[in-house]
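Position in the sequence shown (first residue = 1) + 1413 = the working numbering. Here the structure is laid out as structure tokens; the discussion comes afterwards.
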Amino acid sequence: MKVLQLLPALEVGGVERGVIDLAREMKRRGEESVIISSGGELVQELQKLGIPHYTLPVHRKSFSSLALIPKIVRIIEREHIDLVHARSRVPAWLGWVAARQTGRPFITTCHGYYSAHFLSRVMGWGKRVIVISKIIGRHMIDHFGVSPDRVRLIYRGVDLTQFRWNEPSDQDQEAPRSKSRPFRILNIGRLSPIKGQIEFLKAIHQIRSRLPLEVWLAGSEGKGKSKYTDLLTQTIRQLNLESTVKLLGTRRDIPELLAQSDLLALSTLVPEAFGRVVIEAGAVGIPVLATRVGGVLEIIRSGDNGLLVPPGDIEAMARGILEILQDRPRAKNFAARLHEKVMNEFSLERMADQTLEVYREVLSEKKILIAKLGAIGDLILATPSFRMIRERFPRAWISLLVDRKLGPLVSSSPYLNEIIPLDRKKLRRFSYFLKLAKKLRGEAFDLSLDLQNSKWTHLLSFAAAIPERYGFRKKGALGFLLNRPEATFAVPESPVKHQYRLLSKIGVRTFHESLELWSDPEAEAKATALLEDKIRQKDLRCVGFVVGSSSRWITKRWPIFYFQELARRLIQKHRCCVVLLGAEEDASCVRQSDFSKNPEILDVIGKTSLRELVALIKRLDVLVTGDTAPLHVAGAVNTKVVALFGPTDPRRHMTPGNGSIVLKRRLACQPCYQGTCRIEDKGACLKQISVDEVEQAVLRQLLSVETEKRQRIPSAVNS
């Protein structure tokens, strides 16, 4: 494994120290790191370790920084990087684009409270978003919309070989100490008003007459800044603390400073993302007093392994310092308990274990979005594709984007991890589209497979920033937004084979054509109850009729009086029960006639849920239907079919397998793919399919059903 880490600089600091520590630990374990930063004091440590470092101005907050992307891409390719890990906003933008261009996974670590500005959003775009405390995790979820299942909490770790525990001797328990050996209080942090150093100095001023003290302030404002440092110097002078307080500036010997101190005081006024220096103090074995803010609360339990005081409360801080320095046995207990917690929860080994686990998780997992919004039949025809994709990517997270009305049809599929419902009618609303795109982008999918191939699904995958976007490029569907297009959409072929051409582009090599739907016990029970009286008591064979079609496809309807005559023959001559199936919009053409008044006809048009419709079709012997959704339901549940095709081509729409019988004419105008017939003999393509022809096809299918039943009986007896 080879990981590229990007951060603004390698000056002395908690983030920088953590990067160096992780790189060292990865090398010790046989893994590799490459680091890009603008340079700094810590680069020489990488050089000593033999870890590659590239110096680029990735800290610069300017659009000119985009010119660095090609250089980062070349580094990724030259170093054979497996994964890109960014730790700050500007490096994250550069790393995100470079990772997309090279097809590498991208993750982030959030080291602080980022404002919810657009330019900060990239910190939530990683396949995994590592947070250094629970409070930062909650911030990323609540304010950046990061899905909780992408967030990984990994506390910062301290290298226990550098921060060695110095257990206090019995002599150290004496209080007060002699004036020749004052108590040393250490305050470490960037010099800034939000770090509370002024309030800390005022607390020291209140207690300096009670104890002999030596106070060290370690840290600086940064290069070229001195305004706050000057204010601190002025405050020290005003409080007459010149002989007590020392400004140490930036220090690289933090372990030694901690080992020489009696107390670490953290005085920050605003929430700390974590508080790395607190665990370093725990590793060395000195007690801690800190303000009650942010991630510090996840380390210090006040009164157990340290003391917490309200931020900015000078009196409380003064009392706390006195309490720890005067009660040395209690201070020793604080230090021992904090050291134990550091050993168990905040070691470098633990941080490295968890970080490497995230790397392995990301590298072994693909996150795939399948877009198939509907309709019912098209969704069913996609079920073999779900199976083929799962076999190709057995460990992938596979999500299906589908119309919320159709989601229940495939919600039990073992090949899908997640159903993402949408309202197709609202896609044209700009606000709804943007909200959905934002949600999908937050899921950090690796690739999208567009089985819908509409302009809206192409737009969604593009707006969701999915790196690899597969689909058919067809006229008028914004196919140019796909970056892995298939150009053979117009080539006629069966639906599943048509989809397989697209699947082969993602490495699918095993073809499956059988459709699948998954049972719903409640719907099965209702279907049994509906058919029980007619089938069991009278020993009737059950034939379903789908008499309607979508209102946009009137041309798919076989004449209703043909269905009436077929029903009369099947009931009177062949001991059949007829079940009328369909949607509510199909009811009018049936109920205007006396079609459904026959007691041997069960009319459930518009009276079933989607799952109940599936269960009913599953219990039929034969289904007679046009090119409509129930045709594909029957294929999925292994019910015999007599399919009547008119304006559409069965080569492209017929359900595979199961010995279906397809009836069609060969008129010059077929297939027209028109919802309204434009020839003089309206609907000739279906009117020319006679009742006699359909009756004979139904009888052949009934005979086939009976033959299969007889073949199953001996095998059941033998078993």
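The beta carbon of each residue, even a glycine, is placed where N, CA and C say it ideally should be. This one's a predicted model, so the numbers in the text were calculated from it and none came from an experiment.
Inter-residue distance for Arg1841 and Ser1874 is about 15 Å (C-alpha atoms, whole angstroms). Exclusion of the five residues before and after Asp1859 leaves Lys1779 and Lys1780 as the residues of its chain whose Cβ lies within less than 6 Å of its Cβ. Residue pairing by DSSP places Val1992 opposite Gly1957 and Leu2015 in a beta bridge. Residues Ser1777 and Glu1778 of the same chain have their beta carbon placed closer than 7 Å to that of Arg1808, with the five preceding and five following residues left out of the count.
For Asn1746, the three-state secondary structure derived from DSSP is helix.
The straight-line gap separating the alpha-carbon atoms of Asp1717 and Leu1738 is approximately 16 Å.
According to DSSP, Gln1418 shares a beta bridge with Ile1448 and His1498. Between the alpha carbons of Glu1937 and Leu2029 lies a distance of about 8 Å. Leu1630 and Leu1645 have their C-alpha atoms spaced approximately 10 Å apart. Residue burial is scored here from C-beta neighbours: Arg1541 has at least 16 other C-beta atoms within 10 angstroms and is therefore classed as buried.
Following the DSSP letters along the chain, one finds Phe1519 inside the beta strand (DSSP E) bounded by residues Phe1519 to Cys1523. Using a Cβ distance threshold of 8 Å, Val2055 and Val1991 do not count as a contacting pair. Cβ-Cβ distances below 8 Å link Glu1627 to Pro1595, Phe1596, Arg1597, Ile1598, Thr1657 and Lys1659 in the same chain, with the five nearest sequence neighbours on each side left out; the list follows chain order.
Listed in chain order, the non-local C-beta contacts of Thr1901 below 8 Å within the same chain comprise Phe1885 and Arg1914, local neighbours out to five positions each way being set aside. Comparing alpha carbon positions, the residue from Asp1863, Ala1876 and Arg1837 closest to Glu1856 is Ala1876.
Looking at Val1497, Met2067, Ile1973 and Gly1632, the one whose alpha-carbon comes closest to that of Glu1906 is Met2067.
Shortest Cα-Cα distance from Pro1668 to any of Val1697, Ser1824, Cys2090 and Leu1420 involves Val1697. Taken in chain order, the complete beta strand (DSSP E) segments of 3 residues or longer contained in the segment 1805-1880 are 1810-1816, 1831-1835 and 1860-1863. Looking at the DSSP output, Val1564 bridges to Val1542. Scanning Asn2051, Asp1726 and Met1730 for the CA closest to the CA of Leu1677 turns up Met1730. Nearest C-alpha to Ala2097 among Leu1862, Pro2060 and Val2104: Pro2060. Val1904 counts as exposed, since fewer than 16 other beta carbons sit within 10 angstroms of its beta carbon.
Asp1999 is positioned such that its CB atom lies no closer than 8 Å to that of Val2027. Listed in chain order, the non-local C-beta contacts of Ser1546 below 8 Å within the same chain comprise Leu1566, Tyr1568, Ala1686, Phe1687, Gly1707, Gly1708 and Glu1711, local neighbours out to five positions each way being set aside. Take the alpha-carbon of Tyr1641 and the one of Leu1604: they are about 7 Å apart.
The beta-carbon distance between Phe1799 and Ser1826, rounded to whole angstroms, is 6 Å. This is short enough to meet the 8 Å contact definition. Exclusion of the five residues before and after His1925 leaves Pro1797, Arg1800 and Met1801 as the residues of its chain whose Cβ lies within less than 6 Å of its Cβ. Judged by their CB atoms, Ile1520 and Leu1481 are not nearer to each other than the 8 Å cut-off.
Look at Leu1469 here: in three-state DSSP terms it is coil, with no helix or strand label. As summarised for the segment 1626-1690, the continuous alpha helix (DSSP H) elements at least 4 residues long and confined to that stretch are 1640-1651 and 1667-1672, given in chain order. Going by C-alpha positions, Arg1763 is about 13 Å away from Gly1431. In this model, Asp1726 and Arg1750 are separated by some 26 Å (Cα to Cα).
Taking a contact as a CB-CB distance under 8 Å, the pair Ser1478 and Val1447 does not count as one, their CB atoms being some 19 Å apart. Closest in C-alpha terms to Gly1733, from the list Trp1509, Ala1703, Arg2065 and Val1755, comes Ala1703. The C-alpha of Pro1470 is placed about 18 Å away from the C-alpha of Gly1637.
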